[in-house]
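If you're matching positions, the sequence shown starts at 352 in the UniProt record's numbering and goes up one per residue.
Read through the structure below, which is laid out as structure tokens, and then see the notes.
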Amino acid sequence: AKASGKNTFAVFSRSMNEAASSQLQLDAELRRAIRGDELLLHYQPIIDLRQGRVIGTEALVRWQHPERGLLMPAAFIDMAERTGLVSDLGAWVLQAAARQQAAWREAGLGQLFIAVNASGRQFKRRLLEQQVADALASSGADPGRLQIEITEHTLVEDVAANVGTLAALRARGVQIAIDDFGTGLSSLAYLKRLPIDKLKIDRSFVRDLPDAAEDGAIVEAIVSLAHALGLQVVAEGVETERQQAWLTQRGVAHAQGYLFSRPVPPEQIPEAIQAVAAR
Ligand code: C2E
Ligand code: CA
Ligand code: CA
Ligand code: CA
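Structure below.
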């Protein structure tokens with residue numbers, strides 16, 4: 352029994368070491384990816400439901416790994432959060448998204464906004480403010496067409512400090528959306544004092560609509576809250592026409608989801624705009 356216990360331990364510790372060293376390797380590779388040209392952004396259209404047209408996009412990061420192929424954020428964002436590399440990644444994303452906004456303007460698509468996800472790490476020491484200022488200055492992008500998404504979870508970690516950053520961004524004309532709204536248990540009392548423009552209803556509340564009565568009640572409550580506070584509402588993860596109809600009837604103005612378009616490379620955005628208009 353003793354010997355097998357030892358063996359178990361040996362196996363366990365070896366796999367622990369392997370896990371740790373593959374994390375280290377991934378960290379080193381991501382560092383290289385941020386400096387090199389292995390990261391890219393896909394853009395998912397955001398639709399005005401009443402007008403039936405694309406009004407903006409959300410930038411979603413991908414990693415074209417030389418051996419592992421195209422990696423989605425689930426494969427590397429958590430690791431980047433833990434090591435802090437997500438701050439450098441976020442700076443890269445802001446630069447790339449701002450350049451894209453400027454390029455779309457050149458191409459006659461300047462009315463499209465781009466929403467960028469920000470990590471909690473970027474809210475430390477006012478890093479995000481500087482990163483946004485740098486990205487705007489070096490690209491010539493329109494600040495009014497840049498949005499920052501902060502998750503409700505990140506926001507509530509340090510409301511007082513984060514509000515300062517959000518207010519500073521808004522003073523530059525940048526819009527603010529609370530992402531994954533409804534999952535973070537923020538106090539509703541905060542909402543009226545927050546310098547924000549939009550609530551993005553988390554996909555988990557949209558997925559089972561219109562059949563799930565409780566999810567429907569939650570979405571209705573978020574919509575009336577948002578309207579009372581003068582905030583815009585976006586529904587994430589809209590996959591069916593029944594969901595679209597239900598949301599439209601309840602006054603949800605904006606939506607995003609596979610029903611309209613998956614996230615696509617920027618050169619496919621004109622096509623996606625056409626496809627939405629033709630629906
Ligand atoms: P998120 O901000 O909630 O982004 C929406 C995610 O839902 C995206 O996954 C998108 O592809 C997916 N999605 C959109 N519509 C639908 C739908 O109709 N059905 C389903 N099932 N899924 C849909 P993705 O691109 O894998 O990104 C996952 C998460 O990674 C994002 O969630 C965001 O939290 C994070 N992320 C992505 N890009 C960045 C970034 O540049 N910086 C940071 N810090 N995080 C990022
Ligand atoms: Ca988001
Ligand atoms: Ca979201
Ligand atoms: Ca989400």
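Even glycine gets a Cβ: it sits at the ideal position worked out from N, Cα and C.
Give me the DSSP bridge partner(s) of residue i.
{"i": "Asn-468", "result": "Glu-500"}
{"i": "Lys-475", "result": "Paired residue(s): none; Lys-475 is not in a bridge."}
{"i": "Trp-414", "result": "Leu-390 and Leu-422"}
{"i": "Gly-407", "result": "Ile-397 and Phe-464"}
{"i": "Val-615", "result": "Tyr-394"}
{"i": "Ala-606", "result": "Ile-398 and Ala-586"}
Could you tell me whether any non-hydrogen atom of ligand 1 is closer than 6 Å to the CB of residue i?
{"i": "Val-525", "result": "no"}
{"i": "Glu-508", "result": "no"}
{"i": "Gly-435", "result": "no"}
{"i": "Val-405", "result": "no"}
{"i": "Asn-513", "result": "no"}
{"i": "Tyr-609", "result": "yes"}
{"i": "Leu-582", "result": "no"}
{"i": "Glu-590", "result": "yes"}
{"i": "Pro-614", "result": "yes"}
{"i": "Val-483", "result": "no"}
{"i": "Met-423", "result": "yes"}
{"i": "Ser-438", "result": "no"}
When you measure from the CB of residue i to every non-hydrogen atom of ligand 3, does any distance come out below 6 Å?
{"i": "Asp-548", "result": "no"}
{"i": "Glu-587", "result": "yes"}
Is there a Cβ of chain D sitting closer than 7 Å to that of residue i, yes or no?
{"i": "Gln-415", "result": "In the structure shown, chain D does not exist; there is a single protein chain."}
Please tell me whether, using a cut-off of 6 Å, the distance from the CB of residue i to the nearest non-hydrogen atom of ligand 2 is below it.
{"i": "Asp-530", "result": "yes"}
{"i": "residue 325", "result": "Within the shown structure, residues of the chain are numbered from 352 to 630, placing residue 325 beyond reach of any answer."}
{"i": "Asn-368", "result": "no"}
Are the CB atoms of residue j and residue i within a distance shorter than 7 Å?
{"i": "Asp-399", "j": "His-578", "result": "no"}
{"i": "Gln-607", "j": "Ile-397", "result": "yes"}
{"i": "residue 332", "j": "Val-627", "result": "With the chain represented from 352 up to 630, any question about residue 332 goes unanswered, as that position is not in the structure."}
{"i": "Ile-527", "j": "Leu-517", "result": "yes"}
{"i": "Val-603", "j": "Ala-586", "result": "yes"}
{"i": "Ala-453", "j": "Ala-492", "result": "yes"}
{"i": "Gly-535", "j": "Val-507", "result": "yes"}
{"i": "Glu-590", "j": "Tyr-609", "result": "yes"}
{"i": "Asp-559", "j": "Asp-566", "result": "yes"}
{"i": "Phe-532", "j": "Leu-550", "result": "yes"}
{"i": "Arg-476", "j": "Pro-494", "result": "no"}
{"i": "Ala-410", "j": "Tyr-394", "result": "yes"}
{"i": "Leu-455", "j": "Leu-445", "result": "Note on identity: in this sequence residue 455 is Trp, with Leu being the wrong assignment. It is not a contact, given that the beta carbons lie outside the stated cut-off."}
{"i": "Ser-490", "j": "Ala-449", "result": "yes"}
{"i": "Pro-561", "j": "Arg-593", "result": "yes"}
{"i": "Ile-465", "j": "Thr-505", "result": "no"}
{"i": "Val-525", "j": "Leu-479", "result": "no"}
{"i": "Gln-451", "j": "Pro-617", "result": "yes"}
- Quick one: any contact between the segment 435 to 443 and the segment 498 to 505, if contact means 3 or more CB pairs under 8 Å? no
- Item | Given 8 Å, three or more beta-carbon pairs between the segment 454 to 471 and the segment 379 to 388 | By the Cβ criterion, the segment 454 to 471 is not in contact with the segment 379 to 388, since fewer than three pairs of Cβ atoms, one from each stretch, lie closer than 8 Å.
- Item | Three or more C-beta pairs below 8 Å linking the segment 544 to 560 and the segment 476 to 492 | no
- Query: Do the segment 383 to 393 and the segment 409 to 421 make contact, defined as three or more Cβ pairs closer than 8 Å?
  - Reply: yes
- Can you list, in chain order, the stretches of the alpha helix (DSSP H) that have 4 or more residues and sit fully within the segment 512 to 590? 539 to 542, 554 to 557 and 564 to 579
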